[in-house]
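*Asks:* Protein chains in written order, with the working numbering: chain U, 1 to 491; chain Z, 1 to 126.
Backbone N, C-alpha and C define an ideal beta-carbon position, used for all residues, glycine too.
Encoded structure:
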C-alpha cells in the first residue's frame with residue numbers, strides 16, 4: 001500500500017465503517033460486525049503506519065484537492081501522532097470487545113456503532129492533520145459524535161450531562177477558532193509547520209500572545225484542566241460505561257495532544273520559541289492546581305465513575321506539568337505519560353463497569369467481594385489501579401518517575417513536589433477503591449452476577465499493554481524522545 | 001474601518017459571553033450561537049474585507065494584490081456550517097430537558113449532578 005493511502009486509512013476506515021453501520025443500524029448483528037471489522041482493520045493498518053514512522057520518519061500523506069501548499073490541507077503521519085493512532089486503535093478495539101456484553105440491541109439501534117466509529121475517526125484525524133483549521137474541524141466532529149454517544153439511552157441524567165458537555169465544548173471550540181484565526185492573520189498560513197516557521201522568524205507580538213492565550217483556554221477546556229475541569233465530572237458518569245471508557249481514554253488526551261502540538265510545535269515552547277513565552281509560567285500553575293485539586297476531588301467521591309473522572313483530569317495535570325517544564329525531555333515525558341494514561345484510564349472505567357455489573361451499584365460503599373467471586377477480575381483490575389497509583393513495575397510508575405525527575409532537573413522542584421503530593425493522594429484513593437470493591441465483604445442478601453468472558457478479555461488486552469510498558473519502558477521512552485524531537489523541529 | 005469591525009466583533013463576543021453566564025438554558029443556547037457569529041465576524045476580518053477586487057491573480061503576477069483573501073472566507077463558511085450543526089444539537093438537548101423537567105432553569109436541570117438513587121436500574125444490555 002502506498003504511503004499516501006496508508007496515512008489516510010486511520011481516518012477513512014472508521015468513517016466508511018460509520019456510514020455502513022448507520023445504514024445497517026436496524027440490523028443489530030450486522031452493525032456490530034461492521035464495527036468490529038472496521039476496528040480490527042484499523043488496528044492492523046495503524047500498526048503498519050506506526051512501524052513505518054517509529055524510526056522518526058515523516059510519512060507525507062496527501063494535500064486534499066491537489067492544492068499547492070500553503071493553500072491545501074495537508075495530512076501526514078509522524079511521531080507522536082502515529083503512536084497515538086496505534087494506542088487509540090488498541091483502546092477502541094478493547095472497548096468494542098467489552099461492548100459485546102455492555103451495549104445491547106437498543107443502544108445499537110440508537111446508533112452506537114456509527115457514532116463510536118465516527119468519534120474514533122475524528123480523534124485519528126486530529127492526530128494526523130497538518131492544518132490548524134482542520135484540527136478545529138476534527139474537534140467539532142468528535143464533540144458531535146460524543147454528544148450522540150453520551151445520550152444513547154436518552155435518560156434525564158444523560159440529557160443534563162450532555163447539556164453541560166455541549167455548552168463547555170462549544171465555548172472551547174469558539175475560543176480555538178478565534179485563536180486559529182489570529183494565527184492565520186499573523187502568519188498567513190494554516191499549515192502548522194509553515195506557521196511555526198513564520199512565528200519563529202517574527203518577533204512576539206500582542207497578536208501572538210492573545211492567540212496563544214485563546215488556544216490555551218480552548219484546548220485546556222477540552223483537556224479538562226483546572227480551572228476549566230468542572231464539566232467533566234458532571235457529564236462523564238452519565239454515559240454508558242463503554243462510552244465513558246472511550247471518553248476517558250481518548251477525548252481529554254486529544255485535547256492535550258492539541259496543546260502539545262500548539263505549544264511545543266507551533267509556538268516552540270521547549271525549543272527556544274518565544275511567541276508564547278509569557279504563558280509558560282501559567283502552564284505550571286495550571287498543571288499544579290489540576291493535579292492537587294482533582295486528586296483531592298477524587299478522594300471525596302464514592303461513586304466509582306465520578307471518582308475515576310476526577311482521576312482522568314488529575315492525570316492530564318501530570319502531562320501539563322511535563323509540558324510546563326519547556327524542555328525537550330519534558331515534552332518526551334508528556335508523550336510517555338499520554339500513552340500510559342490512555343490505556344490505564346479506559347481500563348479503569350471498564351473495570352468499574354464490571355464491578356457495577358457484579359454488585360449492582362456504582363457506589364463503592366455498596367460493592368465488595370470481587371476477590372472471592374471473580375479472582376481473575378481482581379487481578380486484571382489491580383493492574384490499572386496500581387499503575388494509576390504509580391506502583392513499580394507498572395507503566396504509571398515510570399510515567400510519574402520521568403515527569404518528576406525532569407521537573408527536578410529543569411529547576412522546577414516545586415512542580416515535582418506538587419506531583420508527589422498528588423501522587424500520594426492518588427495512592428490513597430486507589431487503595432481505597434480496590435480494597436472497597438475487591439477485598440471488602442459483599443453486602444449480604446445479594447447474589448452477585450457472573451462477569452462475561454468478553455469483557456474480561458477486553459480488560460486483559462489493556463492490562464497486558466500496561467504490564468508490557470512497565471516491563472520495557474525504555475522502548476516507549478525512545479519513541480517519546482523521537483516524538484519530542486519531531487514536535488520541537490516543527491518550527 | 002477595520003477598527004470599527006474589530007470593536008463590533010468584540011462587542012458581539014462580550015454580549016454572547018454575558019448571555020452564556022445566564023441560568024436560562026435558552027439564553028445560553030442563544031449566547032453560544034451569538035458567540036459563533038462574533039467569532040466568524042472576527043475571522044472574516046483577518047482576510048482583508050475592505051477590498052472589492054475579485055480574488056483572481058492577474059496575468060503574469062505571482063500574488064493576489066489587494067483583493068480580499070478567499071481562504072478566510074472559506075474558513076468562515078465552514079465555521080458557520082459547523083456552528084449551525086452544534087447549535088441544532090444543543091437546541092435538541094435543551095428541548096429534551098424542557099420536556100423532561102418542565103423548566104429551562106439550569107439550577108433545576110440537575111439530575112446528573114444528583115446522580116439519582118444509587119440503586120436505579122441501569123438500562124444495561126437492553
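Can you give me the Cβ contacts of residue 388(U) inside the same chain, cut-off strictly under 6 Å, excluding the 5 residues immediately before and after it?
*Replies:* For residue 388(U), where only same-chain residues beyond five positions count, the Cβ hits under 6 Å are 344, 396, 430.
*Asks:* Pairs of beta-carbons, one from the segment 66-74 of chain Z and one from the segment 199-208 of chain U, closer than 8 Å: are there three or more?
*Replies:* No, the segment 66-74 of chain Z is not in contact with the segment 199-208 of chain U.
*Asks:* Taking residue 64(U) as the reference, give the member of 8(U), 472(U), 374(U) with the closest Cα.
*Replies:* For the residues 8(U), 472(U), 374(U), the minimum Cα distance to residue 64(U) belongs to 8(U).
*Asks:* The segment 93-112 of chain U: which residues have C-beta closer than 9 Å to a C-beta of chain Z, in chain order?
*Replies:* Those would be 101, 102, 103, 104, 105, 106, 107, in chain order.
*Asks:* Curious, which full-length alpha helix (DSSP H) runs of at least 4 residues does the segment 196-241 of chain U contain?
*Replies:* Correct list: 206-223, 231-235.
*Asks:* Buried or exposed for residue 77(Z), going by 16 or more other Cβ atoms inside 10 Å?
*Replies:* That one is exposed.
*Asks:* So which residues of chain B does residue 66(Z) contact, with C-beta pairs closer than 7 Å?
*Replies:* In the displayed structure, chain B is absent; the protein chains listed are U and Z.
*Asks:* Cβ of residue 351(U) within 8 Å of Cβ of residue 91(U)?
*Replies:* Contact: no.
*Asks:* Please list, in chain order, all residues of the same chain as residue 41(U) whose beta carbon is under 6 Å from its beta carbon, the five residues on each side excluded.
*Replies:* Only 13 meet the Cβ criterion.
*Asks:* Would you identify the three-state DSSP class for residue 104(Z), choosing helix, strand or coil?
*Replies:* Residue 104(Z) falls in the coil class under three-state DSSP.
*Asks:* Does DSSP put residue 48(Z) in a helix, a strand or coil?
*Replies:* Of the three classes helix, strand and coil, the one that applies to residue 48(Z) here is coil, per DSSP.
*Asks:* What in chain Z is Cβ-close to residue 71(U), meaning under 7 Å?
*Replies:* By Cβ distance, chain Z contributes 71.
*Asks:* Take residue 94(Z) and list the residues in its own chain whose beta-carbon comes closer than 7 Å to its own, dropping the five residues that flank it on each side.
*Replies:* So the qualifying residues of the chain are 25, 26, 29, 104.
*Asks:* Chain U beta carbons: is any one of them nearer than 8 Å to that of residue 96(Z)?
*Replies:* Closer than 8 Å: yes.
*Asks:* For the segment 45-64 of chain Z and the segment 15-25 of chain Z, state whether three or more C-beta atom pairs, one from each stretch, are separated by less than 8 Å.
*Replies:* Taking 8 Å as the limit for Cβ pairs, the verdict is that the segment 15-25 of chain Z does not touch the segment 45-64 of chain Z.
*Asks:* Cβ of residue 56(U) within 8 Å of Cβ of residue 34(U)?
*Replies:* Not closer than 8 Å, so no.
*Asks:* For chain Z, check one thing: does any of its Cβ atoms lie closer than 8 Å to the Cβ of residue 144(U)?
*Replies:* With 8 Å as the cut-off, residue 144(U) counts as an interface residue toward chain Z.
*Asks:* Determine the burial state of residue 141(Z): buried for a count of at least 16 other Cβ atoms within 10 Å of its Cβ, exposed for fewer.
*Replies:* With chain Z covering 1 to 126 only, the question about residue 141(Z) has no answer from this structure.
*Asks:* Give me the subset of the segment 42-60 of chain Z whose CB atoms are less than 7 Å from a CB atom of chain U, sorted by chain position.
*Replies:* Those residues of the segment 42-60 of chain Z that come within reach of chain U (Cβ to Cβ, closer than 7 Å) are 42, 43, 46.
*Asks:* Taking 8 Å as the CB-CB cut-off, is residue 130(U) touching chain Z?
*Replies:* No, because no Cβ of chain Z sits closer than 8 Å to the Cβ of residue 130(U).
*Asks:* Which of the residues in the segment 227-243 of chain U, read from start to end, lie with their CB under 7 Å from any CB of chain Z?
*Replies:* Those would be 234, 235, 238, in chain order.
*Asks:* Judging by CA-CA distance, which residue of 143(U), 187(U), 95(U) is the nearest neighbour of residue 255(U)?
*Replies:* Checking every option, the nearest Cα to that of residue 255(U) belongs to 143(U).
*Asks:* List the residues of chain Z that residue 58(U) touches, going by C-beta distances under 8 Å, in chain order.
*Replies:* Ordered by position in chain Z, no residue passes the 8 Å Cβ test against residue 58(U), which lies about 25 Å from the chain.
*Asks:* Mind checking residue 394(U): buried by the 16 CB within 10 Å criterion, or exposed?
*Replies:* Flag for residue 394(U) reads buried.
*Asks:* Closest Cβ-Cβ distance between residue 12(Z) and chain U: below 8 Å?
*Replies:* Closer than 8 Å: no.
*Asks:* Using a C-beta to C-beta distance shorter than 8 Å, which residues of chain U count as neighbours of residue 93(Z)?
*Replies:* What residue 93(Z) touches in chain U: 147, 151, 159, 162, 163, 166.
*Asks:* Determine the chain U residues that contact residue 28(Z) at a beta-carbon separation under 9 Å, and present them in chain order.
*Replies:* Near residue 28(Z) (Cβ distances below 9 Å), the residues of chain U are 163, 167.
*Asks:* Is there at least one Cβ from chain U nearer than 8 Å to residue 78(Z)'s Cβ?
*Replies:* Closer than 8 Å to some Cβ of chain U, the Cβ of residue 78(Z) qualifies, so yes.
*Asks:* Under the three-state reduction of DSSP, which class applies to residue 374(U): helix, strand or coil?
*Replies:* DSSP places residue 374(U) in coil when its eight states are reduced to three.
*Asks:* Quick one: what does DSSP say residue 296(U) is sitting in, helix, strand or coil?
*Replies:* Three-state result, residue 296(U): helix.
*Asks:* Counting pairs of Cβ atoms below 8 Å between the segment 187-198 of chain U and the segment 259-278 of chain U, do you hit three or more?
*Replies:* Judged by Cβ distances under 8 Å, the segment 187-198 of chain U makes contact with the segment 259-278 of chain U, as three or more pairs qualify.
*Asks:* In the DSSP assignment, find the alpha helix (DSSP H) that holds residue 364(U) and state where it starts and stops.
*Replies:* It is not in any alpha helix (DSSP H) - residue 364(U) carries neither H nor E in the DSSP assignment.
*Asks:* Please work out which residues of its chain come closer than 6 Å, Cβ to Cβ, to residue 381(U), disregarding the five sequence neighbours upstream and downstream, and give them in chain order.
*Replies:* Cβ neighbours of residue 381(U) beyond the five flanking positions: 351.
*Asks:* What residues match up with residue 129(U) in a beta bridge as DSSP calls it?
*Replies:* In the DSSP output, where bridge partners are listed per residue, residue 129(U) has 75(U).
*Asks:* Look at the Cβ atom of residue 132(U), then the Cβ atom of residue 183(U), and state whether they are nearer than 8 Å.
*Replies:* Their beta carbons are under 8 Å apart, which means residue 132(U) touches residue 183(U) by this criterion.
*Asks:* Tell me the residue span of the beta strand (DSSP E) that contains residue 494(U).
*Replies:* Limits of chain U in this structure are 1 at one end and 491 at the other, which puts residue 494(U) out of reach.
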